[in-house]
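Presented below is the structure to which this report refers.
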Amino acid sequence: MLTQTLRVGLLAVVCATGVALGATGAMAASQRPLVVGMALEPPHLDPTAGAAAAIDEIVYANLFEGLTAIASDGSVVPALATTWTPADDGLSWTFTLRDGVTFHDGSAFDADVAAFSLDRARAEGAPNAQPQLFQAIDRVEVVDPTTLTIHLSTPDADLPYAMGWGDAVMVHPNSADENMTAPVGTGPFRLDAWRRGDRVRLVPYEEYWGEAPQLPSVEFAFIADPTVALSAMLAGDVHAFPNFPAPESLPLLEGDARYHVEIGTTEGETILAINSRRAPLDDVRVRRAIASSIDRQALVDGAMFGTATPIGAPMPPHNAAYLDLTSVNAYDPDRARALLAEAGVENLSLTLTLPPPAYARRSGELIAAQMRAVGIDVALRPVEWAEWLTKAFRGKDYDLTIVAHTEPADINIYTRPDYYFHVENERVSEIVAALDSTVDAEERVALLQEAQRLIAEDAVNGFLFQLPKIGVWDARLDGLWSDAPVQANDVTGVRWTE
Amino acid sequence: MVTRALALRLAGRLAGLVGTLLAAAVLVFLALHIMPGDPAELMLGINADPAAVAALREQMGLDEPLFVQFGAWLSGVVVGDFGTSLTYGVPVSTLLMERASVSVPLAVLAVTLTVAVALPVAVAAAVVRDGWADRTAMAGAQILLSVPNIWLGLVGIYVFAVILRWVPAGGFPGWSGGVLAGLTALALPAIALAAPQAAILARLARIAVGEAMDQDYVALARAKGLSARQAAWRHALPTVWAPIVTIIGLQFGFLLAGAIIIETVFSLPGLGRLLFQAVSQRDIPVVEGVVLLVVAAVVVANGICDLLAIASDPRQSARRPVSAGP
Numbered sequence: 095m096l097t098q099t100l101r102v103g104l105l106a107v108v109c110a111t112g113v114a115l116g117a118t119g120a121m122a123a124s125q126r127p128l129v130v131g132m133a134l135e136p137p138h139l140d141p142t143a144g145a146a147a148a149i150d151e152i153v154y155a156n157l158f159e160g161l162t163a164i165a166s167d168g169s170v171v172p173a174l175a176t177t178w179t180p181a182d183d184g185l186s187w188t189f190t191l192r193d194g195v196t197f198h199d200g201s202a203f204d205a206d207v208a209a210f211s212l213d214r215a216r217a218e219g220a221p222n223a224q225p226q227l228f229q230a231i232d233r234v235e236v237v238d239p240t241t242l243t244i245h246l247s248t249p250d251a252d253l254p255y256a257m258g259w260g261d262a263v264m265v266h267p268n269s270a271d272e273n274m275t276a277p278v279g280t281g282p283f284r285l286d287a288w289r290r291g292d293r294v295r296l297v298p299y300e301e302y303w304g305e306a307p308q309l310p311s312v313e314f315a316f317i318a319d320p321t322v323a324l325s326a327m328l329a330g331d332v333h334a335f336p337n338f339p340a341p342e343s344l345p346l347l348e349g350d351a352r353y354h355v356e357i358g359t360t361e362g363e364t365i366l367a368i369n370s371r372r373a374p375l376d377d378v379r380v381r382r383a384i385a386s387s388i389d390r391q392a393l394v395d396g397a398m399f400g401t402a403t404p405i406g407a408p409m410p411p412h413n414a415a416y417l418d419l420t421s422v423n424a425y426d427p428d429r430a431r432a433l434l435a436e437a438g439v440e441n442l443s444l445t446l447t448l449p450p451p452a453y454a455r456r457s458g459e460l461i462a463a464q465m466r467a468v469g470i471d472v473a474l475r476p477v478e479w480a481e482w483l484t485k486a487f488r489g490k491d492y493d494l495t496i497v498a499h500t501e502p503a504d505i506n507i508y509t510r511p512d513y514y515f516h517v518e519n520e521r522v523s524e525i526v527a528a529l530d531s532t533v534d535a536e537e538r539v540a541l542l543q544e545a546q547r548l549i550a551e552d553a554v555n556g557f558l559f560q561l562p563k564i565g566v567w568d569a570r571l572d573g574l575w576s577d578a579p580v581q582a583n584d585v586t587g588v589r590w591t592e
Numbered sequence: 100m101v102t103r104a105l106a107l108r109l110a111g112r113l114a115g116l117v118g119t120l121l122a123a124a125v126l127v128f129l130a131l132h133i134m135p136g137d138p139a140e141l142m143l144g145i146n147a148d149p150a151a152v153a154a155l156r157e158q159m160g161l162d163e164p165l166f167v168q169f170g171a172w173l174s175g176v177v178v179g180d181f182g183t184s185l186t187y188g189v190p191v192s193t194l195l196m197e198r199a200s201v202s203v204p205l206a207v208l209a210v211t212l213t214v215a216v217a218l219p220v221a222v223a224a225a226v227v228r229d230g231w232a233d234r235t236a237m238a239g240a241q242i243l244l245s246v247p248n249i250w251l252g253l254v255g256i257y258v259f260a261v262i263l264r265w266v267p268a269g270g271f272p273g274w275s276g277g278v279l280a281g282l283t284a285l286a287l288p289a290i291a292l293a294a295p296q297a298a299i300l301a302r303l304a305r306i307a308v309g310e311a312m313d314q315d316y317v318a319l320a321r322a323k324g325l326s327a328r329q330a331a332w333r334h335a336l337p338t339v340w341a342p343i344v345t346i347i348g349l350q351f352g353f354l355l356a357g358a359i360i361i362e363t364v365f366s367l368p369g370l371g372r373l374l375f376q377a378v379s380q381r382d383i384p385v386v387e388g389v390v391l392l393v394v395a396a397v398v399v400a401n402g403i404c405d406l407l408a409i410a411s412d413p414r415q416s417a418r419r420p421v422s423a424g425p
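Sequences listed follow chains B and Y, in order.
One gets our numbering by counting positions in the first sequence from 1 and adding 94 to each.
One gets our numbering by counting positions in the second sequence from 1 and adding 99 to each.
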């Protein structure tokens with residue numbers, strides 16, 4: 095509170111005195127380095143060996159490239175492979191690889207290197223954070239130096255998409271083991287320096303196969319405190335925050351012509367996960383009562399400062415298959431009380447486990463108050479990620495928890511019987527199985543919409559809102575991503591306009 | 100002999116240091132194992148294959164029994180090997196050196212500022228005891244003491260980085276960028292850290308010096324023609340030097356490890372943030388490394404202050420022969 099009052103007061107002073115922009119303005123646009131702010135520092139820089147989003151937010155597309163890439167609109171585009179075609183039986187994909195590609199240490203990229211990368215990522219016990227991407231792969235065949243055939247054990251229409259993830263990037267046998275601290279990729283930028291705790295600096299790679307970047311260097315600076323993130327923007331120390339951590343300060347930046355504010359989409363569905371292994375949460379009436387006690391709009395306004403979109407099922411609103419199901423188990427305290435009475439549940443007392451992100455902590459406070467209003471006593475339990483993963487996620491030791499599921503196309507988690515939330519529904523399992531072999535777009539949409547409706551009606555979880563991508567950057571910058579189809583800060587097309 | 104007394108003290112201190120380090124290491128190790136959370140799980144996230152998590156645990160050595168893990172770590176430390184960070188994958192000693200190169204200068208700067216401000220204010224206030232200057236100084240100290248330094252840090256950033264643009268809003272350019280750039284980056288955080296510490300020291304020193312001013316030897320000094328100010332600096336302050344130096348030693352230890360909030364506000368890569376990050380990642384070798392370094396620094400700093408106190412106070416070294424006078 096104190097800092098907020100202070101901020102408003104001091105900003106008034108800033109505006110009143112009309113302080114001019116600093117010295118960076120004088121530098122020629124093509125010579126000016128880009129400083130990108132990030133809230134979290136990655137533990138290391140190998141995207142094939144860790145789940146931390148911060149790794150991809152630095153290296154994806156900038157330093158490492160895959161066979162394919164996911165573009166800013168979420169489409170799959172060529173990267174180190176120029177074309178790919180499925181076999182008629184759907185049991186293999188053949189990729190034609192780009193010629194003349196080299197790694198930052200000068201090593202050449204060819205089909206052998208590609209096969210090595212994929213076999214390394216999918217090896218038994220390999221520390222890859224997204225093993226499901228490679229699940230359908232049976233073996234990888236090198237046909238000739240620029241042709242690679244991936245043989246599948248089951249058809250996988252999404253394989254080219256999977257190859258565009260950061261977890262599937264191409265690495266070289268000579269440097270793969272050192273990628274955590276000295277990453278060597280094929281991207282337009284190479285690592286210059288990593289001052290741990292402060293920033294990572296990338297510079298252009300002269301021998302890059304494609305279009306050269308238009309920035310002399312790009313720095314990713316780690317700024318943990320939201321208030322300081324605002325200061326760093328205002329002071330001109332940081333030029334862009336692709337994921338701005340202080341949504342409460344947006345009105346100040348929106349009113350200032352020096353900054354551009356962009357509210358984009360992400361693949362992050364924020365849910366109130368319900369542990370239906372525990373009575374009385376195994377009763378669909380109790381879960382519906384919980385869902386009906388939640389005022390989504392109040393969450394969006396109070397916890398997200400109006401930047402998020404309410405959802406009623408686990409599918410992002412920008413997806414073609416999205417169905418607005420917010421009317422299923424809509425906010426209705428009377429109905430919630432009636433459902434609880436019908437289920438014969440009295441004096442229900444639950445614990446809401448909250449991981450560290452602000453969206454979870456802020457929403458948790460509001461949801462607890464909303465649930466208390468219908469007679470459910472909620473105790474809040476803030477935890478660190480380590481504890482959340484071990485106890486709530488793996489140990490399934492929780493009643494309720496709030497988390498955003500940020501993986502794209504992840505509706506299949508609703509069919510995993512040993513997942514941390516699970517409600518058995520045979521039809522949903524059938525649909526998800528059918529999706530793997532369904533290529534027709536209309537059919538896929540129909541299947542996905544049916545699954546969404548079933549999941550919403552089962553009230554498997556409380557569905558809260560789609561996490562926004564709140565981007566703030568210097569108005570003179572062009573080419574930053576508005577949306578986040580993957581968790582990345584692709585700066586390969588970024589330039590200063592003046 | 101004074102040297103013998105000092106040697107005894109020093110030996111006792113060394114034994115105490117080793118004992119304290121060992122106790123801290125055991126406690127930290129146990130505490131981290133009791134805390135729920137697993138570094139391998141944390142690295143690989145929610146979609147990880149259980150086999151991959153198990154393989155990573157084995158690679159990290161976490162599948163070994165507790166005492167084997169501790170023994171392996173301890174035998175490394177004895178020969179100067181602090182192990183490898185589980186999350187960063189680099190030697191812990193490298194991380195410690197990088198972070199200490201920020202935290203130690205920051206603590207030294209803050210302590211220097213603390214002493215440079217607090218002592219003159221305290222002595223000046225004691226000289227004009229109960230006058231308006233004294234009351235103003237002590238009220239000011241009370242205010243500084245009550246203001247959280249996170250607030251001071253944020254105000255500092257707005258005024259000096261956002262409005263005036265004299266300093267960056269945070270971050271640390273590294274000493275390779277030049278001493279001046281490094282000191283500029285540390286100036287605001289050092290002031291924010293020093294302010295409440297200076298207030299504490301000023302109030303304590305003001306009371307101590309004030310009491311000493313009532314003593315006969317100060318009255319004698321005044322009778323010999325010294326001004327109140329001269330008597331305070333030359334006679335009152337030296338007699339209360341011991342408790343003041345002890346407080347300064349404690350403050351140094353606190354500033355070295357307790358600067359985490361200020362490090363966060365100023366985005367400084369210091370020891371406090373490293374420790375916080377390592378705890379939340381369950382990076383045991385790094386937590387142990389930071390704790391050992393900080394415990395050692397605190398014990399050594401207090402030891403030095405203790406020795407300084409002895410050197411400044413004849414009564415503290417009992418065996419020192421009483422000099423026969425001039």
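Every residue gets a Cβ at the ideal spot worked out from N, C-alpha and C, and that includes glycine.
Integer-rounded CB distance, given that V355 (chain B) should sit under 8 angstroms from L128 (chain B) | No, L128 (chain B) and V355 (chain B) are not in contact; Cβ-Cβ is about 18 angstroms, not under 8 angstroms.
If you drop the 5 nearest sequence neighbours on each side, which residues of the same chain put their C-beta closer than 6 angstroms to that of G119 (chain B)?
-> A caution first: G119 (chain B) carries a pLDDT of 45, below 50, which makes its placement in the model too unreliable to give a value.
Within chain Y, partners of M274 (chain B) - CB distance below 7 angstroms | Taking the beta carbon of M274 (chain B) as reference, the chain Y residues within 7 angstroms of it are G188, listed in sequence order.
Any chance the region 431–446 of chain B sits against the region 365–384 of chain B, with 3 or more Cβ pairs inside 8 angstroms?
-> With the cut-off at 8 angstroms, the region 431–446 of chain B and the region 365–384 of chain B touch.
Nearest to A385 (chain B) by CA position, among B:D426, B:A578, B:Y353 and B:I505, is which residue?
-> Ranked by Cα distance from A385 (chain B), the options B:D426, B:A578, B:Y353 and B:I505 are led by B:D426.
Going along the region 120–137 of chain Y in order, which residues come within less than 8 angstroms of chain B, judged by CB to CB distance?
-> Cβ contacts with chain B come from M134, P135, G136 and D137.
Quick one: is F487 (chain B) near chain Y, going by C-beta distance under 9 angstroms?
-> At least one CB atom of chain Y sits nearer than 9 angstroms to the CB of F487 (chain B).
Straight-line gap, L161 (chain B) to L191 (chain B) (C-alpha atoms, nearest Å) | Spanning the two alpha carbons is a distance of roughly 8 angstroms.
C-alpha distance - R418 (chain Y) paired with A410 (chain Y), whole-angstrom precision = Residue confidence is low: R418 (chain Y) scores 49 on pLDDT, short of 50, so the model does not pin down where it sits. Its coordinate-derived value is still stated next. Cα to Cα, R418 (chain Y) sits roughly 13 angstroms from A410 (chain Y).
Just to confirm, are M237 (chain Y) and A224 (chain Y) a CB contact at a threshold of 9 angstroms?
-> Contact: yes.
Give the DSSP bridge partners of W567 (chain B), in chain order.
-> In the DSSP output, where bridge partners are listed per residue, W567 (chain B) has B:A334 and B:H354.
Chain B contact for S379 (chain Y) (CB, 9 angstroms cutoff) = Interface residue, yes.
Identify every residue that forms a DSSP beta bridge with P172 (chain B).
-> Its beta-bridge partners are B:T162.
Rounded to a whole number of angstroms, what is the C-alpha to C-alpha distance between L165 (chain Y) and A124 (chain Y)?
-> So the two alpha carbons sit approximately 13 angstroms from each other.
Quick one: Cα of F487 (chain B) to Cα of G458 (chain B), how far?
-> In a straight line, the C-alpha of F487 (chain B) is about 17 angstroms away from that of G458 (chain B).
Pull up the distance between the alpha-carbon of W332 (chain Y) and that of A289 (chain Y), whole angstroms please.
-> Rounded to whole angstroms, W332 (chain Y) to A289 (chain Y) spans 27 angstroms at the Cα level.
How would you list, in chain order, the residues of chain B whose beta-carbon sits under 7 angstroms from the beta-carbon of N248 (chain Y)?
-> Those within 7 angstroms of N248 (chain Y) in chain B number zero; the least Cβ separation is about 13 angstroms.
Backbone CA spacing between A463 (chain B) and V378 (chain B) [nearest angstrom] = Taking the straight line joining both Cα atoms gives about 22 angstroms.
Taking 9 angstroms as the cut-off, decide whether the C-beta atoms of A139 (chain Y) and V127 (chain Y) are in contact.
-> Not closer than 9 angstroms, so no.
If you check the beta carbons only, do A358 (chain Y) and S325 (chain B) fall under 9 angstroms apart?
-> Against a cut-off of 9 angstroms, the Cβ pair of S325 (chain B) and A358 (chain Y) comes out as no contact.
For chain Y, is any of its Cβ atoms less than 9 angstroms away from the one on H333 (chain B)?
-> For H333 (chain B), no Cβ of chain Y is located within less than 9 angstroms of the residue's own Cβ.
For A291 (chain Y), the first and last residue of its enclosing alpha helix (DSSP H) = Unbroken alpha helix (DSSP H) run through A291 (chain Y): V278 to M312.
Using the C-alpha atoms, what's the distance from F335 (chain B) back to G291 (chain B)?
-> Going by the C-alpha atoms only, they are around 17 angstroms apart.
Cutoff 7 angstroms; reference R381 (chain B); Cβ partners in own chain excluding five residues on either side | Annotation for R381 (chain B): I368, S370, L375 and A553 place their beta carbon closer than 7 angstroms to its own, counting only its chain and skipping 5 residues before and after.
Using a Cβ cut-off of 9 angstroms, which residues of the region 361–378 of chain Y contact any Cβ in chain B, in chain order?
-> When C-beta distances to chain B are compared with 9 angstroms, the residues of the region 361–378 of chain Y below that value are E362, T363, V364, F365, S366, L367, P368, G369, R372, L373, Q376 and V378, in chain order.
Could you name the residues that DSSP lists as bridge partners for R333 (chain Y)?
-> BP columns for R333 (chain Y) are empty, so no partner.
Would you kindly report the start and end of the unbroken beta strand (DSSP E) that includes D232 (chain B)?
-> Looking at the DSSP string, the run of the beta strand (DSSP E) that includes D232 (chain B) is I231 to D238.
Under the three-state reduction of DSSP, which class applies to N71 (chain B): helix, strand or coil?
-> In the structure displayed, chain B extends from 95 to 592; residue 71 (chain B) sits before or after that span and is not available.
At a Cβ threshold of 9 angstroms, is R289 (chain B) touching chain Y?
-> Under the 9 angstroms criterion on CB atoms, R289 (chain B) is classed as interfacial with respect to chain Y.
Backbone CA spacing between M159 (chain Y) and L253 (chain Y) [nearest angstrom] = For M159 (chain Y) and L253 (chain Y), the gap between their C-alpha atoms comes out near 40 angstroms.
Note down the Cα distance separating G255 (chain Y) from L287 (chain Y), rounded to an integer number of angstroms.
-> Each residue's Cα considered, the two are about 7 angstroms apart.
At a Cβ cut of 7 angstroms, what residues of the region 258–285 of chain Y count as close to chain B, listed as they run along the chain?
-> Within the region 258–285 of chain Y, the residues whose Cβ lies closer than 7 angstroms to some Cβ of chain B are A260, V261, I262, R264, P267, A268, G269, G270, F271 and G273, listed in chain order.
Could you tell me whether the Cβ atoms of A335 (chain Y) and V203 (chain Y) are closer together than 9 angstroms?
-> Not closer than 9 angstroms, so no.
For the region 129–152 of chain B, which residues have a CB atom closer than 7 angstroms to at least one CB atom of chain Y, in sequence order?
-> Answer in chain order: P137, H138, G144 and A145.
Does any C-beta atom of chain Y lie closer than 9 angstroms to the C-beta of Q224 (chain B)?
-> Taking Cβ atoms only, chain Y reaches closer than 9 angstroms to Q224 (chain B), which makes this a yes.
Apart from the five residues on each side of it in sequence, which residues of its chain come closer than 7 angstroms, Cβ to Cβ, to Y316 (chain Y)?
-> Within the same chain, Y316 (chain Y) has close Cβ partners H334.
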